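Quick note, the sequences are listed as chains S and B, same order.
Sequential numbering of the first sequence, starting at 1, is according to our numbering.
Sequential numbering of the second sequence, starting at 1001, is according to our numbering.
Think of the CB as a built atom: it goes at the ideal place given N, C-alpha and C, for glycine as much as any other residue.
None of these values were measured; they are calculated from a predicted model.
Have a look at the structure below, then the notes.
Number of protein chains: 2
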Amino acid sequence: MIWIDGQPEARLPATDRGLAYGDGVFRTLRVAAGEIPWWQDHYAKLHDDAARLALSCPTEEVLRRQLEAALAADPGASHAKLILTRGDGARGYAPPQGSPPRLIIMTGTGESPLLAKPLIARWCDLRLAIQPRLAGIKHLNRLENVLARAEWSDDAIAEGLLMDTGDRVIGGTMSNLLLWRRGELLAPDVSGAGVAGVACARVLHGAARAGLRVGVRAVAAAEVMDAEALFLCNSLAGVRQIDHLDERSWSPHEMGAALLGCLHESP
Amino acid sequence: MIWIDGQPEARLPATDRGLAYGDGVFRTLRVAAGEIPWWQDHYAKLHDDAARLALSCPTEEVLRRQLEAALAADPGASHAKLILTRGDGARGYAPPQGSPPRLIIMTGTGESPLLAKPLIARWCDLRLAIQPRLAGIKHLNRLENVLARAEWSDDAIAEGLLMDTGDRVIGGTMSNLLLWRRGELLAPDVSGAGVAGVACARVLHGAARAGLRVGVRAVAAAEVMDAEALFLCNSLAGVRQIDHLDERSWSPHEMGAALLGCLHESP
Chain S
1 MIWIDGQPEA
11 RLPATDRGLA
21 YGDGVFRTLR
31 VAAGEIPWWQ
41 DHYAKLHDDA
51 ARLALSCPTE
61 EVLRRQLEAA
71 LAADPGASHA
81 KLILTRGDGA
91 RGYAPPQGSP
101 PRLIIMTGTG
111 ESPLLAKPLI
121 ARWCDLRLAI
131 QPRLAGIKHL
141 NRLENVLARA
151 EWSDDAIAEG
161 LLMDTGDRVI
171 GGTMSNLLLW
181 RRGELLAPDV
191 SGAGVAGVAC
201 ARVLHGAARA
211 GLRVGVRAVA
221 AAEVMDAEAL
231 FLCNSLAGVR
241 QIDHLDERSW
251 SPHEMGAALL
261 GCLHESP
Chain B
1001 MIWIDGQPEA
1011 RLPATDRGLA
1021 YGDGVFRTLR
1031 VAAGEIPWWQ
1041 DHYAKLHDDA
1051 ARLALSCPTE
1061 EVLRRQLEAA
1071 LAADPGASHA
1081 KLILTRGDGA
1091 RGYAPPQGSP
1101 PRLIIMTGTG
1111 ESPLLAKPLI
1121 ARWCDLRLAI
1131 QPRLAGIKHL
1141 NRLENVLARA
1151 EWSDDAIAEG
1161 LLMDTGDRVI
1171 GGTMSNLLLW
1181 RRGELLAPDV
1191 SGAGVAGVAC
1201 ARVLHGAARA
1211 GLRVGVRAVA
1221 AAEVMDAEAL
1231 FLCNSLAGVR
1241 QIDHLDERSW
1251 SPHEMGAALL
1261 GCLHESP
C-alpha cells in the first residue's frame, strides 16, 4: 500500500522534484510484527541525510504517526519504504522557498535477495564516481546502482560489489560490505562514494563495544579476496556471510553469529 | 499542462523508477509558434541518452504525436519538458523486463534566466563527480545541479559555472559554456561530467562548417577567465554572452551574433 503525506494515495504530482532531479532521500525499513526495529537509528539517518541536502525533515512524531497508520492498514507488511522529496517545484534547479517536502510511504512484502542460501556475489564493472557532497547519503540519485545491477541477470547472484573510480572497494549495490581479516573487522570508507547504512553502523558500533578491533578505511579488492570472511548487511537482511564471490568461496565463519549479535544488541 | 503517456494527467504512480532512482532522461524544448526548433536533434539526443541507459525510447512518430497534442492544448506554451522514465518497478535496482517506459510531457511559459541583461554568472564551489558512464546524458540524477544552484540566492545571478573534481571546467548548471579565446571556439570536454547539450552541439557544428577553429578539450578555470568572450547556450536561451563572471567583466563581442547564426543555420 502507498501513502502520500499521510493519506492513502498511490500517485503523486509529476511536478515533484524527486522525479525531476532525484531531489530527495529514502529509507528501506524492515517491519517485524508491526514494529520497525532500530527506528531511532533510521530516523536519525533520515534527518541527517535530509540536512545534508538542506531538505526539511518531518518531526519524528509526524513520521512515526504516518508509519503506524500505514502499517496498521497493511498488517502483513514485511518492509516499508519511505521517500522524502523536496516537494513540488517550478522548472529550474533552484530549491523552492517554503515549499513543503513530500513524504511517501510504501508498505509491502517479499524477502531480501541477500537471504538466499548460498549467498552469491560478483564484482561489478561499473566504478562509482567520487562525490563527497553526496557520499553516504541514501538519496534518490541511484542511476549508478541501476547500471551496476543491470550487469547481471542470473537470479542466483544476489549482490554485486562496487569499487569507486579510484579502485577503492565501496560495498554492494544495496548493502554494505564488512571484511573479517587478520583479526580486524574492516568496513570500506564511504566518504567519497556509497551509502552509510544503518545496519552497518550498528554492527560496527556493537563490535567496538564488544572489544573487537574495528577499522573504517580505504579497502583494496585484493583485501576483499583474501579476507577470512565477508559479510553483507542492510536493514532487511541483517548481516549475511558471502558464500561465493566470483571464483572464490568461503566456509561459514563463526564471526557471522557474532556480528548478528552486534547488530541486534547495539543500543 | 501535463500529459502522461498521451493522456492529460498530472499525476503518476509513486512506484515510477524515475522517482525511486532517477531512472530516466529528459529534454527541455523551446516552443516557437507551436513548433519545436531542432526537433530532429532533440529526438536523436533523447534516443541516444535512453540507449546509454538501456531504456526503450518511443519512436519519433509516437513522441511527435504526443507533443503535438500537448502543444495544441496549450497554444501559449513557450517550452515543453519531456521526461522519459523506465516506468514502474518493484522494489530493487534490477531494471524490470518488458515493463513499458513512461513518457511525461509538461508544457509551460516563462523566460529562461539566461536571457537576463546583463548576464551575470558566478563560479560554484561544488565539484562535479567524474562518471564516464553517465557523463553527457541528460538524466534524472541531478542532485549535483540542485546543490550547485543552492549556492546562491541572488536572482541577479543567472548561472553558476562548474568544475569537476579534477578542476576541469565543465559548464553551467543548466547550460553549456563556450569560450572564444586566441582565435578558437573552445568547448569543455563533457566525457567525464556534465551534459552534452543540443544547442552547444549545433553551435560547434555550425562554427566548424563556417570555417572557425573549433576545439573540444579539457579547459582550465584560468582559460575561462582570460577568454576574449564567454558564451552560455541551451535550447531555451540560444547563445548568450556572459557579461560578468564574479569580478571579471566583458564587453559585447562580435562572436555573439556569429554563434547565434551558427546555432540557427546548422542543418
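- Collapsing the DSSP output to three states places S/Q241 in a strand.
- Considering only beta carbons, no part of the segment 1187 to 1211 of chain B lies closer than 7 Å to chain S.
- Its Cα nearest to that of S/G108, the residue S/H79 stands out among S/I4, S/A129, S/H79 and S/A116.
- In the DSSP secondary-structure assignment, S/A229 is bridged to S/W180.
- In the DSSP assignment, S/H79 falls within the unbroken beta strand (DSSP E) covering H79 to T85.
- Annotation: S/V239 to B/A1201 spans about 49 Å, alpha carbon to alpha carbon.
- Using beta-carbon distances, S/I2 counts as an interface residue toward chain B, with a partner under 8 Å.
- By the rule that beta-carbons nearer than 8 Å mark a contact, B/G1171 does not touch chain S.
- When B/W1152, B/P1118 and B/A1156 are compared, the shortest CA-CA separation from B/D1243 is found for B/P1118.
- Residue burial annotation: S/V62 is exposed, with fewer than 16 other C-beta atoms found within 10 angstroms of its C-beta.
- Contact check for S/L162 against S/A148 passes: the beta carbons are separated by less than 8 Å.
- Per DSSP, the unbroken alpha helix (DSSP H) holding B/C1200 starts and ends at V1198 to R1209.
- Excluding five sequence positions before and after B/G1076, the CB atoms of its chain that fall closer than 8 Å to its own CB belong to T1109, given in chain order.
- The beta carbon of S/E111 does not come within 8 Å of any beta carbon belonging to chain B, so the residue lies off that interface.
- A distance below 7 Å between beta-carbons, with the five flanking residues on each side excluded, links S/S191 to the following residues of its chain, in chain order: P132, A135 and G136.
- The C-beta separation of B/D1246 from B/R1122 comes to about 6 Å, placing the pair in contact by the 8 Å criterion.
- The straight-line gap separating the alpha-carbon atoms of S/A32 and B/E1060 is approximately 49 Å.
- For S/C262, the closest of S/P188, S/G172, S/A208 and S/R248 by C-alpha to C-alpha distance is S/A208.
- Among the residues of chain S, none has a CB under 9 Å from the CB of B/H1244; the nearest is roughly 19 Å distant.
- For B/E1159, no alpha helix (DSSP H) segment is defined; the enclosing uninterrupted segment is the beta strand (DSSP E) at E1159 to D1164.
- Not a single CB atom of chain B sits nearer than 8 Å to the CB of S/T107.
- Counting along the chain, S/M255 sits inside no beta strand (DSSP E); it lies in the alpha helix (DSSP H) bounded by residues M255 to E265.
- S/Q7 has its alpha-carbon roughly 44 Å from the corresponding atom of S/A218.
- Judged by beta-carbon spacing, B/A1014 lies beyond the 8 Å limit of S/L236, meaning their Cβ atoms are not closer than that value.
- By the 16-neighbour rule on beta-carbons within 10 angstroms, B/G1018 is buried.
- If you check the CB distance, B/D1016 and B/D1074 do not come in under 8 Å.
- Close partners of B/N1141 in chain S (Cβ separation under 7 Å): G22, N141 and L143.
- Excluding five sequence positions before and after B/A1072, the CB atoms of its chain that fall closer than 8 Å to its own CB belong to G1034, given in chain order.
- Beta-bridge analysis with DSSP links B/V1195 to B/G1136.
- Rounded to the nearest angstrom, the gap between the Cα atoms of S/E159 and S/A193 is 17 Å.
- The straight-line gap separating the alpha-carbon atoms of B/A1220 and S/E144 is approximately 27 Å.
- In the assembly as shown, B/M1225 is an exposed residue. Its beta-carbon has fewer than 16 other beta-carbons within 10 Å.
- Contacts with chain B (Cβ-Cβ distance below 8 Å) from the segment 48 to 64 of chain S involve L53 and A54, listed in chain order.
- Closest by C-alpha distance to S/A129, out of S/E228, S/T28 and S/V195, is S/V195.
- Per the coordinates, the alpha-carbon of B/V1146 lies some 19 Å from the alpha-carbon of S/H47.
- Judged by DSSP secondary structure, B/L1055 falls outside any beta strand (DSSP E); it is assigned neither H nor E.
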